[in-house]
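> Handing you a structure now.
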Amino acid sequence: MEEMLVYERDEWFSRAKQAMDNKTKPLGSLGFLEEIACRLVVIQRSLKPSVEKVLVVVFAGDHGIAEEGVSLYPQEVTYQMVLNFLRGGAAVNVLARQVGAELLVADLGVKGVFSPHPALLSLKVREATRNALHENALTRTEVEEAIEEGKEVALRYGKEKDLLIAGEMGIGNTSSASLVLSALFDIPLDEMVGKGTGMEGERLEHKRKVLKEVFRRRKWERNDPLSLLEAFGGLEIAGMVGFYVGAASLGKAFVVDGFISTAAFAIASAMFPPVKEYAFLGHLSEEKGHRLVVEKLGMKPILSLGMRLGEGTGAVLSVPILRAAASLLREMASFEQAGVSKSREEGKG
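See below:
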């Protein structure tokens, strides 16, 4: 991984802030946009950052825990939605077209066989995870293979891009993410488990009951993040872990989506702390535990729209904001260029 040296990071951030402070505006008046612009400068090591070329990869995998009725939808919906992605009919397809992003789908563990398609990456490790209520969801070998596949996707398809985004699809994956995040951050499961696909009342209580039993039965080591993926799954989450590591190793900015993507990011940053230097958080998910995890990570979401769809949708929606921040730094005139006087306080400097 390309680790960003502290002195180099600080030097680029200082140069970016100086350039932004010298634009024709009151100091700090563009708020979070200024921080985004400066961070893009640090990542790209250029005072003219660009967010034009965007790659979106939707990682897909099924979950054995879905057999326990923890989702409103049957497991075959994962397969059906992959076909929908490939036809261009899902929400993430629509949003990706809006920002001109390339979209690929990576099959890490969907039940069923797909016909070849130009946008489909056939990387199946196994057909669905095991049912974590009865046994570990994955073996260590399967976890490592899925992570390596995700990393290779970033390395192969992300080299010529400015920004990378991972989305996900997998019926039952809010359950896996809830278990992973609860274990990783020591947050009570009751505070982590949310509606997922829209569960309420007795069905939501059933989901909580099942996940508490899974949590009780499985064994893991907090200082060994891969053991969490072994215990709880899933393959698409492991793939995203590798994707984020691969993006950072290329020195590329990436955007984390919602609840499930944040579970993958939390594991990636626990394994390789420098990964966090390259990450933006696209949005605050409506899924119950996301806010708690975001606070633990110390990250600031770009958007908050009450969304909980997944697929990478919130991350893709943040792209125009990232582009705007980069454009302001590249294109906005300085006080000297515009012949505009600085404030009296700035003028003293």
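Numbering (the numbering used here), first residue to last: 26 to 374. Cβ coordinates follow ideal geometry from the N, Cα and C atoms, glycine included. Predicted, not measured: the structure shown is a model, and the values here were computed from it.
#1: Tell me, please, which residues DSSP counts as bridged to GLU127.
#2: Can you tell me which of the three DSSP states VAL319 falls into?
#3: Where do the N-terminal and C-terminal ends of the beta strand (DSSP E) with GLY307 fall, by residue?
#4: Report the three-state DSSP secondary structure of GLY56 (helix, strand or coil).
#5: Taking just the CA atoms, how far does GLY259 sit from GLY374?
#6: Does the region 144 to 154 come close enough to the region 78 to 94 to have 3 or more Cβ pairs within less than 8 Å?
#7: Of the residues GLU311, ALA191, LEU253, SER274, which one's Cα is nearest the Cα of GLU302?
#8: ARG243 to GLU160, Cα distance in whole Å?
#9: Under 8 Å: do the region 44 to 64 and the region 343 to 362 share three or more Cβ pairs, one atom per stretch?
#10: For HIS142, I'd like the list of residues in its chain whose CB is within less than 6 Å of its CB, leaving aside the five on either flank, ordered along the chain.
#11: Going by the DSSP bridge assignment, what does GLY134 pair with across the sheet?
#12: To the nearest angstrom, report how far apart GLN362 and GLY331 are at their CA atoms.
#13: Quick one: residues in its chain with C-beta nearer than 7 Å to the C-beta of LEU145, no 5 flanking neighbours on either side, listed in chain order?
#14: So, with DSSP's three-state summary, where would you put PRO99?
#15: Residues in the same chain with beta-carbon distance under 6 Å from GLU170, minus the five sequence neighbours each way, listed in chain order, please.
#16: Kindly indicate which three-state DSSP category GLY374 falls into: helix, strand or coil?
#17: Use the C-beta contact count for LYS234: other C-beta atoms within 10 angstroms, 16 or more gives buried, fewer gives exposed.
#18: According to DSSP, is ALA191 helix, strand or coil?
#19: Cutting at 7 Å between CB atoms, please list the residues of its own chain near MET45, excluding the five before and the five after it.
#20: So what does DSSP say about PRO345, is it helix, strand or coil?
#21: I believe HIS315 touches SER329 by the beta-carbon criterion, under 8 Å. Please report the beta-carbon distance rounded to the nearest angstrom.
#22: Report the partner residues of LYS48 according to the DSSP bridge assignment.
#23: To the nearest angstrom, how far is the alpha carbon of ASN118 from that of ALA256?
#24: Closest to LEU253 by C-alpha separation, out of VAL239, VAL205, ARG181, would be which residue?
#25: Which same chain residues end up closer than 6 Å to LYS325 when comparing Cβ atoms and leaving out the 5 residues on each side of it in sequence?
#26: At which residue ranges does the region 182 to 239 contain complete alpha helix (DSSP H) runs of 4 or more residues, listed in the order of the chain?
#27: Would you call the CB atoms of VAL135 and ALA263 closer than 7 Å?
#28: Quick check on PRO12: does DSSP put it in helix, strand or coil?
#29: Any chance the CB of GLU261 is under 6 Å from a heavy atom of the ligand PLP?
Once the coordinates are examined:
#1: According to DSSP, which records beta bridges pairwise, GLU127 is partnered with LEU80.
#2: In the structure shown, VAL319 sits in a helix (DSSP, three-state: H, G or I).
#3: Bounds of the beta strand (DSSP E) holding GLY307 are 304 to 308.
#4: The DSSP-derived three-state label of GLY56 is coil.
#5: The predicted model places GLY374 with a pLDDT of 49, which falls under 50 and marks its position as unreliable; any figure quoted below should be read in that light. Cα atoms of GLY374 and GLY259: separation of roughly 55 Å, rounded to the nearest angstrom.
#6: With a cut-off of 8 Å, the region 78 to 94 and the region 144 to 154 count as touching, because enough Cβ pairs lie within range.
#7: Taking only the C-alpha atoms, the option nearest GLU302 is SER274.
#8: When rounded, the separation of the alpha-carbon atoms in ARG243 and GLU160 is 7 Å.
#9: Per the Cβ contact rule, the region 44 to 64 is in contact with the region 343 to 362 (3 or more Cβ pairs under 8 Å).
#10: Once the five neighbours on either side are set aside, the close Cβ partners of HIS142 are LEU111.
#11: DSSP lists GLY86 as partners of GLY134.
#12: Answer to the nearest angstrom: the Cα atoms are 41 Å apart.
#13: Around LEU145: LEU111, VAL130, ASP132, PHE139.
#14: In this structure, DSSP gives PRO99 a state outside helix and strand, which the three-state scheme calls coil.
#15: Around GLU170, the same chain offers VAL150 as residues with beta carbons nearer than 6 Å, after the five sequence neighbours per side are excluded.
#16: With a pLDDT of 49 at GLY374, under the threshold of 50, the modelled position of that residue is not reliable, and no figure is offered here.
#17: That one is exposed.
#18: Residue state, collapsed to three classes: strand.
#19: These residues qualify, in order along the chain: GLU59, ALA62, CYS63, LEU354.
#20: In this structure, PRO345 counts as helix in the three-state DSSP scheme.
#21: Not a contact, Cβ separation roughly 10 Å.
#22: Partner(s): SER359.
#23: Here the C-alpha atom of ASN118 lies approximately 32 Å from the C-alpha atom of ALA256.
#24: Per the C-alpha coordinates, the member of VAL239, VAL205, ARG181 positioned closest to LEU253 is VAL205.
#25: Cβ within range, chain order: n/a, list empty.
#26: Assignment of alpha helix (DSSP H) within the region 182 to 239, counting only whole runs of 4 or more residues, yields 198 to 210, 214 to 217 in chain order.
#27: No.
#28: No answer is possible for residue 12: it lies beyond the span of the chain, which begins at 26 and ends at 374.
#29: Among the components of this structure there are no ligands whatsoever, and the ligand PLP is therefore not found.
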